[in-house]
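Here's the structure, in structure tokens; my notes come after.
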Amino acid sequence: MLETSLSRSGFLRAGRVVTLTDAPSANAIWWEHGRVREVGSAVQLDHQVPSAVPRYDYPSSLVTPGFVDGHAHFAAWALNRRRIQLAPARTRQAALLMIADGVPDQGWILGQGWDANSWDQPPDRLDLDRLHPGPVYLDSLDVHAAWVNTAALNAAGITRETPDPYGGRIVRDGSGHPTGLLMERAVELMLPFLPVAGPDRMLRAVRDAQAEAHRLGVTGLHDMEGPEALRAFREMEAAGDLALRVTFHPPVAQLSRLIQAGVRSGEGSDWLTLGGVKLFLDGSLGSRTAWMLAPYEGSRHLGMTITAPEAAQLAVRMASEAGISCTIHAIGDAAVRRGLELLELAPRVAIPHRIEHFQCIAPADLDRAAGAGIVSSMQPAHLLVDAPLADRHWGARGAGAYPFRSLLDRGTALVFGSDVPVASIDPRQGVYAAMERIPDSGPAGRSWYGAERISFEQALRAYTVAAAESSGHGARRGRLAAGLDADLVVWDLPGTLSDLSGGAFREARARLTVAGGQVVMQEARGTVKL
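Going by my numbering, the sequence shown opens with residue -11, and the numbers climb by one from there.
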């Protein structure tokens, strides 16, 4: 259990404190009982702080507010850390070698992270059949497709006669037999048959993942998951172990239950509050299921709509009339436009409606989110991988992908996250991507649509101030100022404190993480005096 007395107080001297307020520059911060008491000069504050308060000295380090991951599947990531990690596999053969070494979990081989965009052949069930006689289930990197073998298809009763569900596709061979590749909502046909992590295992996994998040400077998250994850967060909070500020966005399938229970967005505790119900309008770029206004390059394919238009409209109306905000997944420009149309007309509630990903926007739609008070929740680290795919599949429309600066210039509320486990929860990757826009593959040092780059402070605000405001906590956290929650991170930079380039911050290292005034992570460098 987290300690609650003097451990929730402290005095920190650093090289520079980034407050994200209009206050003068500072190099020290003092907090008591989980709240910031003063931010200012180390020389001045040193004489005011009681001797019993723990003191932390990081004279060459940078202090920022704690990072909030604005879009996470945290419990899924916690469990996936124990599965086969296929993201490093650049070829199908490399993936198969990794899968061959898999150890069954309750009889199933489970993995995640494969990305077939660079493979010479698509995933196929027969390859998996040769490796394991039992069922194999492998989530794609974007979690919008699954690769399974024959035993898994048999377990779920999926045959050539099984119809495609609305918003999904069972990929078939020339004879109509499933190939082992399931797209979008066809993946849901498998889910009831997968091994279920019991409550104890889920709880252990989330606790371990929380420690890793703290190691990376993350003190909060907006989580997009189901009841099992919520149960784990609640159990941790009841035990006094939850040290992440969680805004929980349940699936739209829970909407009727939430309305019956009379709960509202923004309600909850200091550590766990209700966000908005999440519904899907389309798929993803990597799976070419993002819903587009015009066909993908070189095809007649427009992508895929995941939720029927009437169902999406009804859900938005029911939720907003009940005081529950809506969180809409939209990646393609057609899905983004439809999401804007739905939310522009919806009554406003305690916390703003939002569009998740907001990845490709038609120029005519750039002004609409700001005008309607809709939050744009984006994951800049995806750009590092997606840029070549956008060029290949969207062509010139890539100019409208990840338009960070264009949205900010129009006053859009921009929240950043990772989409973990699709990308790393490490916020340094997102800051780097937003500032530099240099893809992992491509010409070295060349920014992709570099006019959309933003500054360090703008990126930091998207992970802190905007994240707090979008969840109804703008008056309590996101900045470092007297009276606000003491959620902060100490960073060591590879160069000087004046070098806040994206490349420099990507190489920074979190030395101390404080959540609610509690030191939840401290590395050896730096000193503490009791």
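We treat Cβ as the ideally placed atom computed from N, Cα and C, and that holds for glycine. Bear in mind the structure is a predicted one, so any value in this text is a computation, not a measurement.
Between the options, which has its C-alpha nearest residue i's C-alpha?
i    : options                   : result
S458 : R393, G101, H237 and V206 : H237
G418 : A322, R336 and V206       : V206
L179 : L191, W279, R203 and A133 : A133
V410 : G122, A75 and A278        : A75
I87  : V124, S253, E223 and L328 : V124
G3   : E511, R494, D487 and V507 : D487
R78  : L67, A104 and I339        : A104
V324 : V337, R305, M306 and A350 : A350
A11  : H21, V27 and R219         : V27
R71  : P92, E225, L114 and M280  : P92
P239 : G254, E223, R233 and E216 : E216
I146 : L129, P166 and D130       : P166
H35  : W18, Q81 and D397         : W18
G405 : Y44, F62, A334 and A30    : F62
CA-CA distance, residue i and residue j?
i      : j     : result
R464   : W259  : 12 Å
R380   : D188  : 44 Å
W479   : T52   : 8 Å
L(-10) : L230  : Residue confidence for L(-10) is low, a pLDDT of 47 falling below 50, so the modelled location carries little weight and cannot support an answer.
T315   : V136  : 30 Å
F221   : V194  : 8 Å
Y46    : E200  : 22 Å
G383   : P121  : 42 Å
S244   : S48   : 52 Å
L328   : G90   : 43 Å
T293   : A278  : 8 Å
R1     : T235  : 31 Å
F55    : A450  : 9 Å
G388   : F(-1) : 45 Å
E309   : A227  : 34 Å
L169   : A470  : 54 Å
R305   : G505  : 40 Å
H461   : Q198  : 21 Å
R385   : I413  : 28 Å
Y390   : R(-4) : 39 Å
Below 8 Å on the Cβ atoms is my guess for residue i versus residue j; work out the distance and round it to an integer in Å.
i    : j    : result
A474 : G466 : Not quite, the Cβ-Cβ distance comes to about 12 Å (not below 8 Å), so this is no contact.
G155 : T295 : 6 Å
L59  : M212 : As written in the sequence, residue 59 is His, which differs from the Leu given in the question. Sure, about 6 Å apart at Cβ, within 8 Å.
M509 : A496 : M509 to A496, Cβ: 14 Å. No contact.
A422 : A401 : Not confirmed; about 15 Å, so no contact.
H317 : F268 : 4 Å
G519 : Y437 : With the chain covering -11 to 518 only, the question about residue 519 has no answer from this structure.
S365 : D130 : Wrong, their Cβ atoms sit about 16 Å apart, outside the cutoff.
G263 : H210 : 6 Å
Going by DSSP, what residues sit across from residue i in a beta bridge?
i    : result
W259 : According to DSSP, W259 bridges with nothing at all.
F346 : BP columns for F346 are empty, so no partner.
F404 : M366
P215 : Per DSSP, none; premise fails for P215.
L500 : V478 and Q510
I17  : L0 and V27
Y125 : L98 and V136
E172 : G156
G208 : V56 and R233
T315 : K266 and R342
D473 : R23
P166 : R160
P239 : K266
L50  : R4 and W479
Q198 : Paired residues: none, contrary to the question.
D93  : W96
Q109 : None, per the DSSP bridge assignment.
Q73  : Q100
A389 : C348
Using the rule of at least 16 other Cβ atoms within 10 Å of the residue's Cβ for burial, across every protein chain shown, is residue i buried or exposed?
i    : result
L476 : buried
G286 : exposed
L302 : exposed
E440 : buried
E298 : exposed
E172 : buried
P482 : exposed
Q32  : exposed
N142 : exposed
D106 : First, the amino acid is wrong: residue 106 is Ser here, not Asp. Per the 10 Å Cβ criterion, exposed.
E344 : buried
S429 : exposed
T452 : buried
S257 : exposed
T261 : buried
G399 : exposed
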